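Sequence positions in the sequence shown follow our numbering and run 125 to 279.
Glycine included, C-beta positions come from ideal geometry on N, C-alpha and C.
Here the structure is a predicted model, which is why all the values come from computation and not from measurement.
Data block below; observations after.
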Amino acid sequence: MKVNLNMEETREERDHSSAHAAAMKKVVKSTQDLIRNIEKVKEVIKKEKSQKVVVFSDEGIKATGLLGILTARLDEAGVQYHVFTDCKPEPTYGQVEAVVDMAQGQECDLIIGLGGGSVMDAAKLASVLKGASYTIKDLMNDPTLAEKKVKTVMI
Numbered sequence: 125m126k127v128n129l130n131m132e133e134t135r136e137e138r139d140h141s142s143a144h145a146a147a148m149k150k151v152v153k154s155t156q157d158l159i160r161n162i163e164k165v166k167e168v169i170k171k172e173k174s175q176k177v178v179v180f181s182d183e184g185i186k187a188t189g190l191l192g193i194l195t196a197r198l199d200e201a202g203v204q205y206h207v208f209t210d211c212k213p214e215p216t217y218g219q220v221e222a223v224v225d226m227a228q229g230q231e232c233d234l235i236i237g238l239g240g241g242s243v244m245d246a247a248k249l250a251s252v253l254k255g256a257s258y259t260i261k262d263l264m265n266d267p268t269l270a271e272k273k274v275k276t277v278m279i
């Protein structure tokens, strides 16, 4: 371990600090972009004349406060909505099936996915299964069966 008695930053420390600062700027910019996209949801709802919305997200996004921002915009838009935060990272077939089955019981004309890839995949899957005669297993065997039944917004 290198000890610097002069209390000056070593080049390695400066490089690490610079890399950390750059990474933090990216996180802040990404969060700002997400919030801007969430703010646009009201415009989409108005354009599509949506009345009932299903939101797919996860506990991590909820913990950041981003889900709260989205539900506040949905309240402002005056739509009914149901939120599913049971989406897991890298979910099993059974976990995806359970979330999609829950969504099947909700009447909706717009599905919003707020989160990472697994959340968006579940939301898109729900949009092609809503009221469909085929199942997830049918789609695994023949993806050409997929037909979008409900409009989606992915954030």
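**OP:** Counting only the same chain and skipping the five closest in sequence on each side, list residues whose C-beta sits under 8 Å from that of E183.
**Re:** Residues of the same chain with a CB within less than 8 Å of the CB of E183, apart from the 5 flanking positions on each side, are T209 in chain order.
**OP:** Mind checking who M278 pairs with in its DSSP beta bridge?
**Re:** DSSP lists G237 as partners of M278.
Original post:
Where does K254 land, buried or exposed, given buried means 16+ other C-beta within 10 angstroms?
Top reply: Burial call: buried.
Subject >> CB of E172 within 8 Å of CB of K272, strictly >> reply: Contact: no.
**OP:** Would you please state the rounded distance, in angstroms, between the beta carbons of R197 and K166? I believe it to be under 8 Å.
**Re:** Correct: roughly 5 Å between the Cβ atoms.
Original post:
What are the partner residues of V178, as DSSP defines its beta bridges?
Top reply: As computed with DSSP, V178 is found in a beta bridge with H206, I235.
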